[in-house]
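Working notes for the structure below.
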Amino acid sequence: MEFEAVIGLEVHAQLSTGSKIFCACSAAFGAPPNENTCPVCTGMPGVLPVLNRRVVEFAVRTALATSCAVRKKSVFARKNYFYPDLPKAYQISQYELPLALAGHIDIELEGGAKRIGITRIHLEEDAGKLVHEGEFAGAQASLADLNRCSVPLMEIVSEPDMRTPEEAGEYLRRLRDILVYLEVCDGNMEEGSFRCDANVSVRPMGQKEFGTRAELKNMNSFRNVEKALEHEIRRQIERIEDGGKVVQETRLWDAAAGVTVPMRGKEEAHDYRYFPDPDLLPLIVEEAWVEELRQTIPELPGEKVARLVDAYGLSRYDAGLLSSSRALADFFEESLAVFGDNPKVTANECVHWKEAIAAGKISPETIAHAVEDREKGTISATASKKLVELAIETGRPIREIRDEKGLTQVSDTGALEETVSKVLAANPKEVESYRGGKAGLLSFFVGQVMKETRGKANPRIVQEVLKKTLG
């Protein structure tokens, strides 16, 4: 029997706001334990949450970028559960009336494009975290760091439209790119600002009903998501083929062992006893504000790839590399505005120096002048790389460094003809052998000319002059 997987993803994206969702504490990552806390986010009695408008703005912009319908009215609810790093013993989230519904993201696969549906986007607060270290009274100690409590999260829930781990990985990459382009989330998986839970089940090929699903957690990279799904799909198929049943549960991914392991039974919605939060009014989003925010949506990665291919003749692969970063793609086009005769070479240079570009250590003019000088034969490829490195180190204009270091190539045909004549006159036996059929000696002559010019001659022009002179 053949099986197919059914995969749905729940992404928690930490929004890049300065403060938390319901209080004025800093939402920054990396502060000492419990420094970014106050009575509101630590759940002290008698305090009241106040919704951060910026959080709603970021979520609305995400909804628009993923073709979701923004609801005029949404409601915050209390999701009740006990855990040591959740001081209120409930999480403020959205349940029955989320902020946005029914969107999609298009992904690129080897066989073509595929549309992945988005069920909903809703807002919620994060919980704290436990740090397991040291001992207390002879037992392992767990310490609570509440800095993360009430940090704003946006949960994006996909439809179960993915069938392979590769599709899931591509969906996550495209979604992350969109969030980073919008500047609503930094997409840092290692710091937990872009987290994913995967729901996966298997069913016999052709069957419409879904199988029993497992939820996978603890995956901190795209590759780990794909590996965890590969293992879990294989585990579920083997369990069914052996005559067993898949149990609905939450499982953790053990990256070191390459396996998923049971964590707990999977909760249902009724286990959380959702009810509207009495301290927060319904969230009303006016249509005029939605339309105002719609005008702020930038050109998104998929649109940018298509335009770069069409406008500059790039391959989809090259356009995809450039579009992986909004800043890199903008830098590429700024470089072309200075010198645009060879977009392919400019694209290669931008990708090669992308770390320096991201760090702001290089200007579009540097890349444009390096490409132009190389294209016109003013400098060699080796000199070009060296000059860009020096421009990054010193912050000086690349052509100023070029002239100071004397790295300009000799491309003047007349000047090179004199040097070629001198080299040929000094090597009559080699000239005779070349004319007798030993074509490989051309490299010898090129080397001699380069030696005479101390490496400043343009090798391409040297070859042309040599071939013409030798006949």
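Quick note, the sequence shown lines up with residues 1 to 471 if you use this note's numbering.
Positions of the beta carbon are idealized from the N, C-alpha and C atoms, including for glycine.
- In terms of Cβ geometry, I7 and R163 form a close pair [threshold 8 Å].
- DSSP, reduced to helix, strand and coil, places N218 within a strand of the structure shown.
- In this structure, the straight-line span from the alpha carbon of C185 to that of G395 is close to 31 Å.
- Exclusion of the five residues before and after F82 leaves A89 as the residues of its chain whose Cβ lies within less than 6 Å of its Cβ.
- Note on the region 370-456: whole alpha helix (DSSP H) runs with a minimum of 4 residues are 381-394, 398-405, 413-426, 428-435 and 441-452, in chain order.
- Checking the DSSP bridge columns, you'll see A69 partnered with L101.
- Taking the C-beta atoms as reference points, K217 is found nearer than 8 Å to M263.
- Within its own chain, the residues whose Cβ lies closer than 7 Å to the Cβ of T296, once the five positions on either side in sequence are excluded, are R61, listed in chain order.
- CA-CA distance, V55 to P152, rounds to 7 Å.
- By a beta-carbon distance limit of 8 Å, D277 contacts I92. Their separation comes to about 6 Å.
- Between A59 and I121 the beta-carbon gap is near 6 Å, inside 8 Å, which marks them as a contact.
- For V345, the uninterrupted alpha helix (DSSP H) run begins and ends at P343 to H352, by DSSP.
- Scanning the region 207-260 from its first residue to its last, the whole beta strand (DSSP E) runs of 3-plus residues come out as 214-219 and 249-254.
- Apart from the 5 residues on each side of it in sequence, P87 sits with its Cβ closer than 7 Å to the Cβ of T42, G43, L146 and C149 in its chain, given in chain order.
- Around the CB of R294, fewer than 16 other CB atoms lie within 10 Å, so the residue is classed as exposed.
- Around the beta carbon of M1, fewer than 16 other beta carbons lie within 10 angstroms, which makes this residue exposed.
- Taking T66 as reference, the option from P165, V131, R176 and A24 with the minimal CA-CA separation is R176.
- Put simply, the region 196-209 touches the region 9-17. At least three CB pairs are less than 8 Å apart.
- Residue range Y90 to Q94 is occupied by the beta strand (DSSP E) that includes Y90.
- Taking a cut-off of 8 Å for Cβ pairs, the region 429-446 and the region 374-387 do not touch, as fewer than three such pairs fall below it.
- Apart from sequence neighbours up to five positions away, the residues of its chain that approach N52 with a beta-carbon distance below 8 Å are T17, S19, K20, I21, F22 and P152, ordered along the chain.
- Contact annotation: L48 and D279 have beta-carbon atoms nearer than 8 Å.
- Its chain contains V305, L308 and V309 as the residues whose beta carbon lies nearer than 7 Å to that of A319, once the 5 sequence neighbours on both sides are disregarded; these appear in chain order.
- Straight through space, the alpha carbons of A457 and M450 are spaced by roughly 6 Å.
- Residues I392 of the same chain have their beta carbon placed closer than 6 Å to that of K361, with the five preceding and five following residues left out of the count.
- Leaving aside the five residues that flank N34 on each side, the residues in its chain whose CB is nearer than 7 Å to its CB run, in chain order, D145, L146 and N147.
- Within its own chain, the residues whose Cβ lies closer than 7 Å to the Cβ of F444, once the five positions on either side in sequence are excluded, are E430, listed in chain order.
- Judged by DSSP secondary structure, A168 falls within the alpha helix (DSSP H) whose first and last residues are P165 to L182.
- Exclusion of the five residues before and after G211 leaves S201, V202 and R203 as the residues of its chain whose Cβ lies within less than 6 Å of its Cβ.
- If you draw a straight line from the Cα of L442 to the Cα of L179, it comes to about 55 Å.
- By a beta-carbon distance limit of 8 Å, D161 does not contact K129. Their separation comes to about 32 Å.
- Within the same chain, Cβ atoms closer than 8 Å to the Cβ of E96 are found at V75, A77 and Y274, the five residues on either side in sequence being excluded.
- According to the DSSP secondary-structure assignment, K114 is paired through a beta bridge with I107.
- Under the three-state reduction of DSSP output, D271 falls in the helix class.
- DSSP, read as helix, strand or coil, puts S315 in coil.
- Counted as a single uninterrupted DSSP element, the alpha helix (DSSP H) harbouring F331 occupies residues R326 to V338.
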